[in-house]
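Colleague:
In the UniProt record's numbering, the protein residues as written are 1 to 260.
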C-alpha cells in the first residue's frame with residue numbers, strides 16, 4: 001500500500017497521506033511520495049490547484065515515534081549522517097513546496113503536529129476541521145523543528161507568537177489557530193471536504209498563469225522593500241500581459257459587461 005495517494009478531480013489534484021494506522025506520521029516513502037506527486041501535478045497542464053490532506057483521523061502526526069526510539073529510517077546515524085538525512089529527506093519538502101508554482105491548500109482533517117504542522121504551513125492556504133489540533137511540539141521529544149517549521153511558523157503567525165508556540169510546545173485547537181491566522185478557515189468536520197473543494201474550484205476557475213504569477217509575486221515580495229517588490233511585479237506583469245490567457249480573460253469580461 002502506498003504511503004501517498006494521488007488523485008484527480010478535474011483541474012484539482014489531491015495528495016492524501018496514507019498511513020492512517022500511524023496517524024500519517026512521516027516515512028521516507030511518504031516524503032518521496034509527496035514530492036513525486038507535486039512533480040506530477042506541476043507537469044500536468046490541466047492541474048490548477050493541489051489539495052493536501054490525510055487519510056483517517058489525523059492530518060499528520062509528524063515524526064514517527066517508533067523510528068525515533070529505534071534510531072531507524074530518517075532518525076538513524078551519527079550527527080553527520082543525520083544532517084545529510086535532513087537535507088536530502090525531510091527538508092526536500094519545504095524546498096519543493098517553495099518552488100511549486102500552482103496554489104496548494106491544506107485540508108486539515110485532524111491533528112497537525114510537529115512536522116505535520118510544518119507540512120500544513122508549507123501550503124498556501126489552510127482549511128481546518130473544527131476537531132483539528134495544532135502544535136510545534138518538537139521540544140516534547142527533545143528536538144527542534146528540523147523541517148523548516150520555525151521559519152514557516154514565524155512567517156505565518158509572526159515571530160513573537162511562533163516563539164511562544166515553539167518554546168512551550170503547546171497544542172492549540174482550531175479556533176485558536178484561526179485567531180492567530182495559522183489557518184484561514186475553520187469548518188464543521190463533516191463540511192471540510194466540500195468547503196476545501198469549493199475553495200479550490202474558486203481558484204481553479206481563474207486564469208491559471210495569472211494565479212501562478214500572483215503567487216510568485218507575493219512570495220518574492222514578502223519582507224522586501226517597496227522598490228524591490230515593485231520591480232518584481234513589473235517584470236511579472238510584463239510577462240503575463242503578453243499572454244493569450246490575459247487577452248482572452250479581458251475579452252470574456254468585456255463580453256459579460258456588454259451582455260448585462
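Heads up, the beta-carbon is just placed ideally off N, CA and C, and yes, glycines get one too. These numbers were taken from a predicted model, which means no experiment stands behind them.
Looking only at DSSP bridge pairs, what is residue 8 linked to?
Modeller: Residue numbering aside, residue 8 sits at position 8 when the chain shown is read from its first letter. Residue 8 is bridged to 13.
Colleague: Based on DSSP bridge pairs, tell me the residues matched to residue 107.
Modeller: Working through the chain shown from its first residue, we reach residue 107 at position 107. DSSP output for residue 107 lists 53 and 127 as bridge partner(s).
Colleague: Is there a C-beta anywhere in chain C that falls below 9 Å from the one on residue 91?
Modeller: Here there is only one protein chain, and chain C is not present.
Colleague: Skipping 5 residues on each side, what residues in its chain have a beta carbon closer than 6 Å to that of residue 129?
Modeller: As a working mapping, residue 129 is identified with position 129 in the chain shown. Cβ within range, chain order: 109, 189 and 192.
Colleague: Could you tell me the alpha carbon to alpha carbon distance between residue 172 and residue 187, rounded to whole angstroms?
Modeller: Along the chain shown, one-based indexing puts residue 172 at 172. Along the chain shown, one-based indexing puts residue 187 at 187. Approximately 16 Å between the Cα atoms of the pair.
Colleague: Quick one, are the C-beta atoms of residue 52 and residue 103 less than 9 Å apart?
Modeller: Residue mapping note: residue 52 aligns to position 52 of the chain shown, counting from 1. Residue mapping note: residue 103 aligns to position 103 of the chain shown, counting from 1. Going by C-beta atoms, residue 52 is not nearer than 9 Å to residue 103.
Colleague: Between which two residues does the beta strand (DSSP E) harbouring residue 187 extend?
Modeller: Within the chain shown, the letter at position 187 stands for residue 187. That run of the beta strand (DSSP E) goes 185-187.
Colleague: Report all residues from its chain with a CB closer than 6 Å to the CB of residue 29; omit the five preceding and five following residues, and keep chain order.
Modeller: Locating residue 29 in the chain shown gives position 29, where the first residue counts as 1. These residues qualify, in order along the chain: 3.
Colleague: So residue 142 and residue 62 are supposed to be a Cβ contact under 8 Å. How far apart are they, rounded?
Modeller: Numbered from 1 along the chain shown, position 142 holds the residue referred to as residue 142. Numbered from 1 along the chain shown, position 62 holds the residue referred to as residue 62. Not confirmed; about 14 Å, so no contact.
Colleague: Could you spell out the range, first to last residue, of the alpha helix (DSSP H) harbouring residue 209?
Modeller: Mapped onto the chain shown, residue 209 falls at position 209. 208-221 is the span of the alpha helix (DSSP H), which, as asked, contains residue 209.
Colleague: Starting from the Cα of residue 166, find the closest Cα among 34, 134, 227 and 127 and give me that residue.
Modeller: As a first step, residue 166 is located in the chain shown; it is residue number 166 there, counting from the start. Checking every option, the nearest Cα to that of residue 166 belongs to 134.
Colleague: Looking only at its own chain, which residues have a Cβ that is under 7 Å from the Cβ of residue 170, when we skip the five neighbours before and after it?
Modeller: For the purposes of this step, residue 170 is identified with residue 170 of the chain shown, where counting begins at 1. Here the set comprises 135.
Colleague: Cβ atoms of residue 200 and residue 245: under 9 Å apart, would you say?
Modeller: Counting from 1 along the chain shown, the entry for residue 245 is found at position 245. Counting from 1 along the chain shown, the entry for residue 200 is found at position 200. Not in contact: residue 245 and residue 200 (Cβ atoms no closer than 9 Å).
Colleague: Do you know how far the Cα of residue 16 is from the Cα of residue 99?
Modeller: Walking along the chain shown from the start, residue 99 turns up at place 99. Walking along the chain shown from the start, residue 16 turns up at place 16. Going from the Cα of residue 99 to the Cα of residue 16 covers about 20 Å.
Colleague: Leaving out the 5 sequence neighbours to the left and right, which residues in its chain are closer than 6 Å to residue 13 when beta-carbon positions are compared?
Modeller: Mapped onto the chain shown, residue 13 falls at position 13. Excluding residues within five positions, the ones whose Cβ falls inside 6 Å are 41, 47 and 50.
Colleague: Tell me the rounded alpha-carbon separation between residue 7 and residue 97.
Modeller: Position 7 of the chain shown, counted from the start, is the residue given in the question as residue 7. Position 97 of the chain shown, counted from the start, is the residue given in the question as residue 97. If I take the Cα positions, the gap works out to 18 Å.
Colleague: Whole angstroms is fine: what's the gap from residue 59's alpha carbon to residue 107's?
Modeller: The residue you call residue 59 lines up with position 59 of the chain shown. The residue you call residue 107 lines up with position 107 of the chain shown. Straight-line Cα distance between these residues: approximately 8 Å.
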